[in-house]
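*Asks:* I have a structure here, written as structure tokens, and I will follow up with some questions on it.
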Amino acid sequence: MRRLRFALLALTLWPASVFAETDLLGGAALLVGSPRGPFDDVVGTGWGLEGHALLTPAGRPFGLRIDGAFLVYGSETITVPFSGTGGRVGLDVTTDNWIGSLSVGPELTARSGPVRPYVHALAGVAYFATTSEVKGRGGAFPLARSTNFDDSTFRWSVGGGVNLAVGRRVAVDVGLAWVSNDRVSYLAQGDIQDDGHGGVVVEPRRSRVDLVQLTIGVTGGW
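Under numbering that gives the first Met the number 0, the sequence shown has 15 at position 16, and the numbering climbs by one with no breaks.
Below is the structure:
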């Protein structure tokens, strides 16, 4: 968290005059997260969504990127009997393991041409959570939801990609990034067990969490 404070302080000292006249770019993408290191030993490929905004001085190649992401790295559903129905009515209990993140940092990007490469370095916060929700069998809306476990940590990433122009103000965005999260406690599939007395036993893991993230989406606002 100390490193995060230093990063945010550096951003507040960025000269305001640089952004006196600005362009705002933004985009959204599908996200695929491939675990590395100790994280790879206990989880599989994750899937999610990413969104970003890029604030740049008008026409300039450098800017400030704000990036948010949501990645599910594990999910399981079990069916349990609804109390008082003699087992004739079942409920689906779905448990998801996920990461939410918010990062900020500089980006260097080409502003013209049909192929526009970019690179960036970001720092921020990652929130790890395991949540469960109950639905009727085949139901669309949850009847109840609970957070089983959560933790947060500092996160940094370096990455790049290319925007392929498909219109005057729209481009297809393909990106790749290395993401590193400091040591954090989290749950993987199977880390919540029935204690045999109507409750559960939670056994969190703790390690660094590294990922290679691929994004495929669109960027607009050129």
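Virtual Cβ for every residue (Gly too), placed ideally from N, Cα, C.
1. Relative to the C-alpha of PHE81, which candidate in ALA52, ARG205, VAL133 and ASP181 has its C-alpha closest?
2. List in chain order: all unbroken beta strand (DSSP E) runs of 3+ residues lying wholly within the region 19-78.
3. Taking the beta strand (DSSP E) that PRO105 falls in, what are its first and last residues?
4. Which class does ARG144 belong to by DSSP, given the choice of helix, strand or coil?
5. Rounded to whole angstroms, what's the CA-CA distance from VAL217 to HIS196? Just pull it up for me.
6. Using the three-state DSSP reduction, which class does HIS187 fall into: helix, strand or coil?
7. Would you kindly work out how many angstroms separate the C-alpha atoms of VAL211 and PRO37, rounded to a whole number?
8. Going straight from the alpha carbon of LEU24 to that of ASP95, what length do you get?
9. Could you give the DSSP three-state label for PRO113: helix, strand or coil?
10. If you draw a straight line from the C-alpha of VAL201 to the C-alpha of VAL161, how long is it?
11. Run through DSSP, which three-state label would VAL173 get?
*Replies:* Looking at the coordinates:
1. VAL133
2. 21-35 and 45-56
3. 89-108
4. strand
5. 50 Å
6. This sequence places Ala at residue 187; His is not what is there. Three-state result, ALA187: coil.
7. 13 Å
8. 32 Å
9. coil
10. 42 Å
11. strand
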